[in-house]
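Q: Can you read through this structure? Questions will come right after.
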Amino acid sequence: MKDHEAVVYIIDGAGGSGFTPVIIRRVLEGLPYHVKHFRWGTGYMRIISDLTNRENMRNKSDELSESIAEYRKEHPNHLIYIVAKSAGTAVALNALAKLPEDTVERVILMSPAVSPTYPLADSLRAVRGDAISFCSSKDVLFLHVGTSLFGTADGIKGKGAGLRGFSRPSEFSSDTQYSKLHEIHWEPSMMKLMHFGDHSGNSMPLFVQRFILPLLKGADVNEIRPQQPPQ
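Per numbering that gives the first Met the number 0, residue 0 is the first one in the sequence shown, and the count goes up by one each step.
Spelled out as structure tokens, the structure:
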């Protein structure tokens, strides 16, 4: 972290249970970070309302981008991190698309509930470093059944990007913005961290300590990837 501080914006998923923000805040205790829990939902545990009320998401995205821009103006030397969960990733990505280039240092997407074809280029342009997305093919209840019935956070009925990952359009194959995107997929070794592939698994304290915290301390994404067994 060198000599300067950082701020971590945490954007929870639909329903605003607060579990993910609480865990991340606890893990960051003792570090020189400002932690801002950005609340965007329509009410506690109003999951379907949050997921389908896109006007609210747009309005909250505007508020988030304004908050980040103001923080950048007041603290030009601080690093800005964004951690977003599930439907909250839509709020975060929409906010990023409204910000100037290289405004934030890194973005962490946990089980993104936007569609795999969500256009990321404008959002990634605001990221100086990279964006890491945590996915799980086992997250069927939320990111396949739920998003097929009620739609993803960007209004498309089908699988969420947090199930198997984002699509990279062929026209963006050499785009430097998409090169910032890294995806880490669930694997059985993560069960020892209490992540069993389900929607809440990547919010478990042991998983956050092992994977999320190093990324918020500036670790290279390849340093935290699960080790592959020798061939």
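Where is the CB? At the ideal position from N, CA and C, for every residue including glycine.
Measuring CA to CA, which of 17, 24, 28 and 29 is closest to residue 40?
A: Residue 17 is the option with its Cα nearest to residue 40.
Q: I'd like to check one pair, residue 129 with residue 59: are the Cβ atoms closer than 8 Å?
A: Taking 8 Å as the Cβ cut-off, residue 59 and residue 129 do not qualify as a contacting pair.
Q: Who are the Cβ neighbours of residue 31 in its own chain at under 6 Å, not counting the five residues just before and after it?
A: Result list for residue 31: 4, in chain order.
Q: Return the CA-CA distance between residue 24 and residue 154, expressed in angstroms with no decimal places.
A: Between residue 24 and residue 154, the C-alpha separation is close to 30 Å.
Q: When you compare the CB positions of residue 11 and residue 84, do they come within less than 8 Å of one another, or not?
A: The answer is yes: Cβ separation under 8 Å.
Q: Is there contact here, the region 113-123 with the region 64-83, by at least three beta-carbon pairs under 8 Å?
A: Because the criterion of three Cβ pairs below 8 Å is not met, the region 113-123 and the region 64-83 do not touch.
Q: From the DSSP output, read off the bridge partner residues of residue 180.
A: 130, per the DSSP bridge assignment.
Q: Check whether the region 178-195 touches the region 85-99, counting contact only when three or more Cβ pairs, one atom from each stretch, lie closer than 8 Å.
A: The region 178-195, when compared against the region 85-99, does not touch it at the 8 Å Cβ threshold.
Q: Residue 127 and residue 103: beta carbons closer than 8 Å?
A: Yes. Within cutoff.
Q: By the DSSP assignment, the beta strand (DSSP E) with residue 83 in it spans what residues?
A: Segment 78-84, the beta strand (DSSP E) holding residue 83.
Q: Spatial neighbours of residue 33 within its chain, please: C-beta separation below 6 Å, excluding the five flanking residues on both sides.
A: For residue 33, where only same-chain residues beyond five positions count, the Cβ hits under 6 Å are 6.
Q: Look at residue 133 and residue 201 and say whether their C-beta atoms are less than 8 Å apart.
A: A contact, by the Cβ cut-off of 8 Å.
Q: Tell me which residues share the same chain as residue 2 and place their Cβ nearer than 8 Å to its Cβ, disregarding the 5 neighbours each side in the sequence.
A: Low confidence applies to residue 2: its pLDDT is 45, below 50, so where it sits in the model is not reliable, and the reading given next is rough at best. There are no such residues.
Q: Pull the bridge partners of residue 37 from the DSSP assignment, please.
A: Partner(s): 10.
Q: Roughly how far, in whole angstroms, is the beta-carbon of residue 258 from the beta-carbon of residue 113, given that I think they are within contact range, below 8 Å?
A: Outside the modelled stretch of the chain, which goes from 0 to 230, sits residue 258, for which no answer is possible.
Q: Where residue 175 and residue 209 are concerned, what is the direct C-alpha to C-alpha distance, given to the nearest angstrom?
A: The straight-line gap from Cα to Cα measures roughly 28 Å.
Q: What whole-angstrom Cβ distance do residue 161 and residue 142 have, given they're in contact under 8 Å?
A: Contact flag correct, Cβ pair sits at about 5 Å.
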